[in-house]
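> Position one of the sequence shown corresponds to residue 1459 (my numbering), numbered consecutively onward.
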Amino acid sequence: MGEPSSSSSEVSVRRGIPAASFVEDVQTYLHQSDLDVNSALAFLQERLQQYKLVEMKLLAQQRDLQAKIPDIEKCLDIVATLQARRGSGEPLLADFEVSEGIFSRACIEDADSVCLWLGANVMLEYSSEEANTLLQNNLENAKASLDVLVGDLQFLRDQVTITQVTIARIYNWDVHQRRRQVAGTSSDKDS
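1) Report the partner residues of A1564 according to the DSSP bridge assignment.
2) Just to confirm, are S1571 and E1558 a CB contact at a threshold of 7 Å?
3) Does the separation of the CB atoms of A1589 and L1574 fall below 7 Å?
4) Taking the beta carbon of D1610 as the centre, do at least 16 other beta carbons fall within 10 Å, making it buried, or is it exposed?
5) Name the DSSP beta bridge partners of M1581, please?
6) Note the first and the last residue of the continuous alpha helix (DSSP H) segment covering V1495.
7) Going by beta carbon distance, what residues of the same chain come within less than 7 Å of Q1635, once the five residues before and after it are set aside?
8) How long is the line joining the alpha carbons of E1531 and N1599, rounded to whole angstroms?
9) Should Q1617 and A1478 be called a contact, given that it needs their Cβ atoms to be closer than 7 Å?
10) So is V1471 buried or exposed if we call it buried at 16+ other beta carbons inside 10 Å?
11) Three or more C-beta pairs under 8 Å: does that hold for the segment 1495-1509 against the segment 1532-1543?
12) Along the chain, where does the alpha helix (DSSP H) that runs through V1484 open and close?
13) As a quick exercise: from G1474, S1546, Q1485, pick the residue whose alpha carbon is nearest that of Y1629.
14) Leaving out five residues on either side along the sequence, give the residues of the same chain with a beta carbon under 8 Å from the beta carbon of L1597.
15) Going straight from the alpha carbon of D1483 to that of W1631, what length do you get?
16) Report the three-state DSSP secondary structure of S1603 (helix, strand or coil).
17) Just verifying my parser: in three-state terms, what is the DSSP assignment at V1471?
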């Protein structure tokens, strides 16, 4: 669905999110887009709802990434600890969660490799160096994705604000037009 044209700059898109256009002159906007006030308001309300849906999805992705980053950092710390202890002959005692609320203790002696969950019930064994590299890459990618998401959310919030202002401007313009009509009708009756 295309956005009706307005008197402001061209519509752009950021990662699939259409930019809202600020309406300088409501009458020109309505005339150029060939819409009446109710149709324009309905279109803008629908666009606002679309923005809200996208915002909910982006916020969910942001929460997932914000939860994922500390997990990756914790895994990196564990791999670094295992690498530091390797060859020392000193075993590492670790408590780990078997199931929710159920923990067990493990004695880890010289470990040349680690197993990492990749997701979808898949675990692979990596050397400590490979695991460290993989986790570093995952951490960098997650942080970069989070930065992009934050930018998308800011862009989206700006579009929501512009759309809300445009709705208010069209509504206020319509109220002003109706008052002028009523005042014009009243002065005609008085004559």
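For every residue, glycine included, the Cβ atom is placed at its ideal position computed from N, Cα and C.
Reading from the atomic positions:
1) A1552
2) no
3) yes
4) buried
5) W1575
6) 1495-1543
7) none
8) 13 Å
9) yes
10) The residue in question, V1471, is exposed, as its Cβ has fewer than 16 Cβ neighbours within 10 Å.
11) Touching, no, given that fewer than three Cβ pairs across the two stretches are closer than 8 Å.
12) 1484-1491
13) Taking only the C-alpha atoms, the option nearest Y1629 is Q1485.
14) I1527, I1530, E1531, L1534
15) Distance between the alpha carbons of D1483 and W1631 is about 10 Å.
16) Note: S1603 maps to helix in three-state DSSP.
17) strand
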